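Below is one structure; the comments refer to it alone.
In the numbering used here, the protein residues as written are 74 to 325.
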């Protein structure tokens with residue numbers, strides 16, 4: 074408190090996702106590893122907060138667009154694993170539509186109730202809806218996190234598009250890791266952390282065709298692969314393929 078304006082202003086304006094009591098901000102861990110709170114972009118006050126900060130940041134850094142990457146309410150290692158060190162592969166287990174967090178739920182953990190432990194859980198990491206995100210009974214402006222989980226990234230993309238357009242006076246460039254139905258109206262997407270492997274080059278074609286079907290045509294993959302060291306031949310061929318990506322970026 075008193076040293077980081079985005080947090081202090083957010084506290085003053087009440088913009089965070091709260092724990093089940095609806096009052097106490099949910100505290101998890103995000104990247105870089107450290108305790109974090111999570112803006113609730115379904116809240117109009119949060120949109121005001123985000124708009125103000127983005128406009129002020131334009132005066133610090135004359136940006137042309139914004140890349141939204143850690144916008145999922147997602148946590149990194151689960152509480153039981155947090156002392157075992159950070160494992161980069163954990164990112165592959167995340168549902169990338171939600172608040173991203175390095176824990177299973179927030180501190181001090183999720184209550185044992187029907188919302189946090191529903192009778193049906195899809196085949197996800199550790200068979201827990203709270204894995205790498207916040208507890209389902211956390212509170213957002215529109216209701217419980219259980220019901221708004223997949224809207225987290227979507228709800229940030231539109232206000233980001235609007236403020237970038239306001240700040241630059243040009244058509245906004247917004248790239249988001251997290252998407253939902255309608256996200257393509259306000260931002261593009263990339264296919265996440267892939268690997269420097271031939272099979273990932275092939276899969277990128279499938280992923281981009283799928284996102285065109287989803288209504289998000291501005292799409293790309295990390296050319297040459299994000300994880301592992303690439304090879305000359307692989308990167309050369311990937312750069313050739315990548316010249317046809319709508320969003321073309323070498324991110325090895």
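Where is the CB? At the ideal position from N, CA and C, for every residue including glycine.
Values in this document were obtained by computation on a predicted structure and should not be read as measured data.
Buried or exposed, going by whether 16 or more other CB atoms sit within 10 Å of the CB of residue i?
| i | result |
| --- | --- |
| residue 262 | buried |
| residue 206 | buried |
| residue 267 | buried |
| residue 134 | exposed |
| residue 76 | exposed |
| residue 260 | buried |
Any beta carbon of chain D sitting closer than 9 angstroms to that of residue i?
| i | result |
| --- | --- |
| residue 255 | Looking at the structure shown, chain D is missing, and only one protein chain is on hand. |
Residues in its own chain within less than 7 angstroms of residue i by CB, not counting five upstream and five downstream?
| i | result |
| --- | --- |
| residue 140 | 248 |
| residue 200 | 194 |
| residue 324 | 295, 296 and 299 |
| residue 311 | 274, 296 and 297 |
| residue 216 | none |
| residue 302 | 269 |
| residue 290 | 257 and 319 |
Let me make sure I understand the geometry here. Which of the options has the alpha-carbon closest to that of residue i?
| i | options | result |
| --- | --- | --- |
| residue 138 | 317, 299, 174 and 246 | 246 |
| residue 136 | 92, 95, 244 and 312 | 244 |
| residue 185 | 77, 278, 93 and 283 | 93 |
| residue 116 | 86, 235 and 129 | 86 |
| residue 28 | 240, 287, 96 and 277 | Here the chain has residues from 74 to 325 only, and residue 28 is not among them. |
| residue 180 | 131, 101 and 285 | 101 |
| residue 198 | 277, 98 and 178 | 178 |
| residue 305 | 270, 278, 277 and 290 | 270 |
| residue 132 | 109, 240, 260 and 218 | 240 |
| residue 256 | 233, 272 and 95 | 233 |
| residue 79 | 130, 172 and 303 | 130 |
| residue 235 | 109, 125, 98 and 108 | 125 |
| residue 109 | 242, 173 and 192 | 173 |
With a threshold of 8 angstroms on Cβ separation, who are the neighbours of residue i within its own chain once the five nearest residues in sequence on each side are excluded?
| i | result |
| --- | --- |
| residue 281 | 264, 292, 293, 294, 318 and 319 |
| residue 112 | 83, 88, 89, 90, 119, 122, 123 and 229 |
| residue 309 | none |
| residue 107 | none |
Excluding the 5 residues preceding and the 5 following residue i in the sequence, name in chain order all residues of the same chain whose CB lies nearer than 6 angstroms to its CB.
| i | result |
| --- | --- |
| residue 315 | 296 and 321 |
| residue 189 | 183, 208, 209 and 210 |
| residue 213 | 90, 113, 115 and 221 |
Practice task
Assess, as a yes-or-no matter, whether the segment 221-234 is touched by the segment 244-253 under the definition of 3 or more beta carbon pairs within less than 8 angstroms.
Solution key: yes
Practice task
Go through the segment 197-240 residue by residue and report every complete run of the alpha helix (DSSP H) that reaches 4 residues or more, in order.
Solution key: Runs of the alpha helix (DSSP H) inside the segment 197-240: 218-221.
Practice task
Write down every uninterrupted run of the alpha helix (DSSP H) in the segment 112-140 whose length is 4 residues or greater and which is fully enclosed by it, in chain order.
Solution key: 117-133
Practice task
Note down, one range per segment and in chain order, each beta strand (DSSP E) of at least 3 residues found wholly within the segment 236-273.
Solution key: The segment 236-273 contains these whole beta strand (DSSP E) runs: 246-249 and 261-263.
Handout entry: Length at least 4, wholly inside the segment 264-325: the alpha helix (DSSP H) runs in chain order
Key = 271-286 and 305-315
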